[in-house]
Amino acid sequence: MILSTKFCCTRIEPDNMEELYKKVHAATRADPTTKKSAKQLSKEHKRNDLRKLTYEERRAKLVERLKALNSAATDVEE
2 MILSTKFCCT RIEPDNMEEL YKKVHAATRA DPTTKKSAKQ LSKEHKRNDL RKLTYEERRA
62 KLVERLKALN SAATDVEE
């Protein structure tokens with residue numbers, strides 16, 4: 002039974018697994034140094050943790066929100 006599409010696409014079957022492992026181990030013994038593969042660099046990740054605001058910054062944001070709320074309330078009353 003083939004469990005993965007990778008095995009299916011490369012035509013690896015249980016009958017030739019022993020040959021495959023012998024071939025891989027022979028290649029590893031011939032050149033045991035690791036080689037870096039040419040992978041694409043990953044995108045820079047977006048950070049979701051926000052910087053802490055100081056007391057003055059939090060207070061300024063609150064004042065701006067209250068001004069916007071008050072101006073919206075006065076527009077509705079008129």
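In this text, residue positions in the sequence shown follow my numbering: the first is 2, and each later residue adds one. Glycine included, each C-beta is placed from N, C-alpha and C at the ideal position.
Item: Start-to-end residues for the alpha helix (DSSP H) that takes in residue 26; Value: 18-31
Item: For residue 71, three-class secondary structure by DSSP; Value: helix
Item: As assigned by DSSP and simplified to three states, the class of residue 61; Value: helix
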